[in-house]
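In the working numbering, the protein residues as written are 105 to 244.
Shown next as structure tokens:
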């Protein structure tokens, strides 16, 4: 689905539409999910997410990991096209998880203008706090 709340309302009621997938803001995701589910549709909503990457088992894991790491960690993940969600299919999970974990652990973090730095600071104290909260959630 492409569009916002009004589009979601129409799609959720339309008899020819059997399923909806939405990525966007949490309030709109909740709205679309509740309307679509109430109309018996298959629905997937990723509220607060952006730019999902789907990795299939036959992907070149080395190249895929490099591209995803650069996208997710470049500009400290603060650009609008940064990957923030990775969906692995079937057997892609194990190899990708290992390789992306290694890539994250080996990233050189530091002053953004220093040679060799691969990930500089975030834009504000608020961003730093939000990132630390996400990190704690991920470690549970």
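Heads up, the beta-carbon is just placed ideally off N, CA and C, and yes, glycines get one too.
No experiment lies behind these values; they were computed from the predicted model shown.
Within its own chain, the residues whose Cβ lies closer than 7 Å to the Cβ of residue 216, once the five positions on either side in sequence are excluded, are 224, 225, listed in chain order. As summarised for the segment 105-172, the continuous beta strand (DSSP E) elements at least 3 residues long and confined to that stretch are 123-128, 146-151, 156-159, given in chain order.
Burial is judged here by how many other beta carbons sit within 10 angstroms of a residue's own beta carbon; residue 115 has at least 16 and is buried. DSSP lists 158 as the bridge partner or partners of residue 191. Between the segment 161-172 and the segment 120-130 there are fewer than three C-beta pairs closer than 8 Å, too few to call the two in contact.
Between residue 169 and residue 192, the alpha-carbon positions lie close to 12 Å from each other. Non-local C-beta neighbours of residue 117 in its own chain, meaning closer than 8 Å and more than five positions away in sequence, comprise 139, 143, ordered along the chain. Around residue 189, the same chain offers 153, 156 as residues with beta carbons nearer than 6 Å, after the five sequence neighbours per side are excluded. Bounds of the alpha helix (DSSP H) holding residue 209 are 197-210.
In the assembly as shown, residue 176 is a buried residue. Its beta-carbon has 16 or more other beta-carbons within 10 Å.
Only residues of its own chain outside the window of five on either side were considered, and among them 130, 133 have a CB closer than 6 Å to the CB of residue 151, listed in chain order.
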